[in-house]
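Accompanying notes for the structure given below.
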Amino acid sequence: MGAGMLTTLLLATGCTAASNQESVMDVIEQRDVVVSFVVDTTEQLTAGNWEANTGTASPQGCTLDNGEEGAAYTFKLWSPERSDDPAADAQKIVEYWESLGTSTRVVDHGGSPVVYGTGGPVLRASFSTDAAGETYRIGAIAKCAPGDAIELKREANEGRKDGERFPGDEYVPEENVDDVYRNQ
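Residues -17 to -1, 1 to 167, numbered by mature numbering (1 follows the signal peptide of the UniProt record, and there is no 0), are exactly what the sequence shown covers, in order.
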């Protein structure tokens, strides 16, 4: 295959020479991807009442392949509605994540399987069938992208004070929302 054909193929498929950790998407696009990944994963299960008990999608610092600081969003949802067959639910998640290009492994913690995933649309993910207090938990971390986690948190907090809402905010239980962020 000639260099021109390879370049055309890479451009047509949206691929670049970026590493598997460093993303070609910007940090906000990665936030949206990680929230969608988690929400779409919940839809593979019959469990409902999913909530972001620990807060919204949140940026954390990471190191890009070039050694510079970047940011990666994390997002988690919990549901108290476990099924009677957590192993079957774990298998559903394995099949779904693998269909997205995510490599999976399952670890059995005394009859409560946990699915761990790496790659695909996110850096890594997990589905626990026995998270705190017999709940299901799905969490993921986005790929590292250029950005400043502290500045991203500050901007999001300011936006929320002004009534702006971001992907994943709708899963935060009302009792966990500080008064400063409520629409007055």
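No residue lacks a Cβ here, since even glycine has one placed at the ideal position from N, Cα and C.
Outcome for residue i when other beta-carbon atoms lying within 10 angstroms are tallied against a minimum of 16
{"i": "Q90", "result": "Before going further, note that residue 90 is Val rather than Gln in the sequence given. It is exposed - the Cβ of V90 has fewer than 16 other Cβ atoms within 10 Å."}
{"i": "G151", "result": "buried"}
{"i": "G53", "result": "buried"}
{"i": "I133", "result": "exposed"}
{"i": "R14", "result": "buried"}
{"i": "G93", "result": "exposed"}
{"i": "S86", "result": "exposed"}
{"i": "T29", "result": "exposed"}
{"i": "D112", "result": "It is worth fixing the name first, because residue 112 is Thr in this sequence and not Asp. Answer is buried; the Cβ neighbour count reaches 16."}
{"i": "R88", "result": "exposed"}
Counterpart residues of residue i in DSSP-defined beta bridges
{"i": "Q43", "result": "A55"}
{"i": "D23", "result": "Beta-bridge pairing links D23 to no other residue."}
{"i": "P129", "result": "G53"}
{"i": "T118", "result": "A114"}
{"i": "S86", "result": "T101"}
For residue j and residue i, the rounded distance between their alpha carbons
{"i": "A(-1)", "j": "I121", "result": "Residue placement at A(-1) is flagged as unreliable, the pLDDT there being 31, under the threshold of 50; a coordinate-derived value is accordingly withheld."}
{"i": "E117", "j": "V155", "result": "19 Å"}
{"i": "E153", "j": "N49", "result": "35 Å"}
{"i": "F149", "j": "E141", "result": "12 Å"}
{"i": "residue 191", "j": "F20", "result": "Residue numbering for the chain in the displayed model covers -17 to 167; residue 191 lies beyond these limits and cannot be assessed."}
{"i": "P42", "j": "I11", "result": "10 Å"}
{"i": "G146", "j": "L60", "result": "23 Å"}
{"i": "T101", "j": "E158", "result": "33 Å"}
{"i": "G103", "j": "A114", "result": "24 Å"}
Coarse secondary structure for residue i, derived from DSSP in three states
{"i": "R107", "result": "strand"}
{"i": "W33", "result": "coil"}
{"i": "D113", "result": "strand"}
{"i": "F149", "result": "coil"}
{"i": "L135", "result": "helix"}
{"i": "A123", "result": "strand"}
{"i": "D91", "result": "strand"}
{"i": "G142", "result": "helix"}
{"i": "S62", "result": "strand"}
{"i": "V18", "result": "helix"}
{"i": "P69", "result": "helix"}
{"i": "V97", "result": "strand"}
{"i": "V155", "result": "coil"}
{"i": "L(-7)", "result": "Unreliable positioning characterises L(-7) in this predicted model, as indicated by a pLDDT of 30, which lies under 50. A coordinate reading is not provided."}
Supposed close pair residue i, residue j - CB separation, criterion 8 Å
{"i": "Y119", "j": "R65", "result": "6 Å"}
{"i": "A128", "j": "A70", "result": "Going by Cβ atoms, the distance from A128 to A70 rounds to 35 Å, so no, they are not a contact pair."}
{"i": "A108", "j": "A125", "result": "Actually they are not in contact, since the Cβ atoms of A108 and A125 sit about 10 Å apart, beyond 8 Å."}
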